[in-house]
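Undergrad: Quick one: this structure, given as structure tokens, is what I'll be asking you about.
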Amino acid sequence: RVFREFIRFMYIPLARLSRENVFEMLRLGHQWRVKELESQCIRFVQKTLSVREIAHDWAFADAMKLSGLAETCAEFAAKNVRQCHRDLPLKHLAKVLVRDDLGVADETEVFEIVMQRTRRLLKEEEKNKTLSGAAKTGTMNGSPNSVVDRKKTSHGDVVMLLSALRVRSLPEGYLEEVVLRQKELQANNGKLHPEFMEVLLMSPRRLQGGRQGYTGPGLSLRSATRLGLRFT
377 RVFREFIRFM YIPLARLSRE NVFEMLRLGH QWRVKELESQ CIRFVQKTLS VREIAHDWAF
437 ADAMKLSGLA ETCAEFAAKN VRQCHRDLPL KHLAKVLVRD DLGVADETEV FEIVMQRTRR
497 LLKEEEKNKT LSGAAKTGTM NGSPNSVVDR KKTSHGDVVM LLSALRVRSL PEGYLEEVVL
557 RQKELQANNG KLHPEFMEVL LMSPRRLQGG RQGYTGPGLS LRSATRLGLR FT
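Here it is as structure tokens:
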């Protein structure tokens, strides 16, 4: 049926598109280099983006290497981050959280989104601990370090999310009273894990420019106001 519509387009260059056929039509247009069909399909997807479908549409855009459509998806996800952040894959969530047009009321919302995903990551890690016995004997994936590697990967994901946080935009005292007290971010000694401390507190290699407005030892300079705050 989709191919029949594709053939029809060769004679009548006006695609009859729906959410059911647009992605296959776009794939055919891309495969056969029918630029006008591609353009019509991309415009249709851009106009019909929704919170429910954004994860699928963005993944499709990435798979097809459609950078323009991917950027539109990123912009839509940023403006609707409250509704769609739970459904976004980690790499897309990280891309969204660093944007200036993020649709949040203040930076504390960004931290809450980061912590919700962090808790999910750690919960998934806990589920995998049942395999730790096999890992210790070197039978899981042929590596005795599998559990350690998985833990490092989880920490790396959390670091990626935390790096999106604009620390200087947090309310006064929020870092000490809320962020540093999150048990999910603490090491076994009850203090903030060194990897997370490094990303929250400015290390020398993160320092760019002067310290104008500097208010604390090593505090991050990621403080630009998010444009999206104006519209929420």
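Counting with the working numbering, you get residues 377 to 608 for the letters of the sequence shown.
Here a beta-carbon is modelled for each residue, glycine too, at the ideal position from N, C-alpha and C.
Count Cβ pairs between the region 454-469 and the region 490-505 that sit closer than 8 Å; are there 3 or more?
TA: yes
Undergrad: Assuming Phe-487 and Val-535 are in contact, meaning their beta carbons sit under 8 Å apart, how far apart are those beta carbons, in whole angstroms?
TA: Actually they are not in contact, since the Cβ atoms of Phe-487 and Val-535 sit about 14 Å apart, beyond 8 Å.
Undergrad: Suppose contacts are defined by Cβ-Cβ distances below 8 Å. Is Ala-470 in contact with Ala-563 by that definition?
TA: Contact flag unset, no.
Undergrad: Please list the terminal residues of the continuous alpha helix (DSSP H) segment that includes Trp-434.
TA: 430-439
Undergrad: Taking DSSP as the reference, what is the three-state secondary structure of Thr-424?
TA: DSSP, read as helix, strand or coil, puts Thr-424 in coil.
Undergrad: Taking Gly-532 as the reference, which of Tyr-550, Val-575 and Glu-552 has the closest Cα?
TA: Across the set Tyr-550, Val-575 and Glu-552, the C-alpha of Val-575 shows the shortest separation from the C-alpha of Gly-532.
Undergrad: Quick one: what does DSSP say Leu-577 is sitting in, helix, strand or coil?
TA: strand
Undergrad: If the criterion is Cβ atoms closer than 8 Å, does the pair Val-457 and Leu-425 meet it?
TA: no
Undergrad: In three-state terms, what does DSSP make of Gln-558?
TA: coil
Undergrad: Quick one: what's got a C-beta closer than 8 Å to His-569's C-beta in the same chain, skipping five residues either side?
TA: Within the same chain, His-569 has close Cβ partners His-531, Leu-561, Gln-562 and Ala-563.
Undergrad: Going by C-alpha to C-alpha distance, which of Leu-537, Arg-428, Asp-433 and Lys-503 sits closest to Ala-421?
TA: For the sequence presented, residue 421 should be read as Val rather than Ala. Closest by alpha carbon: Asp-433.
Undergrad: Do Leu-537 and Leu-473 count as a contact pair if the criterion is CB distance below 8 Å?
TA: With a cutoff of 8 Å on beta-carbon distance, Leu-473 and Leu-537 are scored as near each other.
Undergrad: Using only alpha-carbon positions, find the residue among Ala-437, Arg-542, Cys-449 and Lys-503 that is nearest to Val-480.
TA: Arg-542
Undergrad: Quick one: measure Cβ to Cβ for Phe-385 and Leu-402, integer angstroms, because I've assumed they're closer than 8 Å.
TA: Not a contact, Cβ separation roughly 12 Å.
Undergrad: Would you list the one or two residues that DSSP bridges to Leu-413?
TA: Note: Leu-413 sits in no beta bridge, so no partner.
Undergrad: Rounded to a whole number of angstroms, what is the C-alpha to C-alpha distance between Gly-444 and Val-427?
TA: 19 Å
Undergrad: Bridge partners of Leu-568, per DSSP?
TA: Gln-562
Undergrad: Looking only at its chain, what residues have a beta carbon closer than 6 Å to the beta carbon of Ile-489, apart from the 5 residues adjacent to it on each side?
TA: His-461
Undergrad: Just mark Gln-407 as buried or exposed, buried being the case when its beta carbon has 16 or more other beta carbons within 10 Å.
TA: exposed
Undergrad: Can you round the beta-carbon distance between Ala-454 and Arg-475 to whole angstroms, since I take them to be within the 8 Å contact cut?
TA: Right, their Cβ atoms sit about 5 Å apart.
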